[in-house]
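Working notes for the structure below.
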Amino acid sequence: MFSTDGYAFPETFYLGAKKSREVIFSVMRDVCIDVDLSIPEAVEVVYDMFARNAIHFYKLSSASNDDSLNNNLPQKLNINSMVTNEL
């Protein structure tokens with residue numbers, strides 16, 4: 002499960018979410034480049050971490066738990082377009 006550990010100021014929620022997305026993207030990019038996971042598997046892992054766990058933990062309605070994410074994925078992703086020269 003993911004949490005921003007934000008408190009008191011809205012900016013802490015934003016900065017926590019922004020940093021977590023950067024870190025998760027970097028890890029998933031490397032995992033896909035090393036062929037440990039396929040891109041659809043990596044997307045599923047991220048969806049599980051950021052959404053599905055919270056849906057189950059907070060017992061949110063099943064209308065939110067519709068897996069529509071899979072219907073919105075591009076048919077083909079190019080992992081090389083995700084690689085940056087930052088590292």
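Each position in the sequence shown, counted from 1, maps to that position plus 1 in my numbering.
C-beta atoms are modelled at their ideal positions from N, C-alpha and C, and glycine is treated no differently.
Is Ala43 buried or exposed, if buried means 16 or more other CB atoms sit within 10 Å of its CB? Buried is the call here.
With three or more beta-carbon pairs closer than 8 angstroms as the criterion, would you say the region 6-17 touches the region 29-48? The region 6-17 is not in contact with the region 29-48.
Tell me the DSSP secondary structure of Val36 in three-state form. Coil, per DSSP.
Look at the alpha carbon of Ser62 and the alpha carbon of Met29, and state the distance between them as a whole number of angstroms. Going from the Cα of Ser62 to the Cα of Met29 covers about 29 angstroms.
Ends of the alpha helix (DSSP H) at Ala55? First-last of the alpha helix (DSSP H) with Ala55: 54-58.
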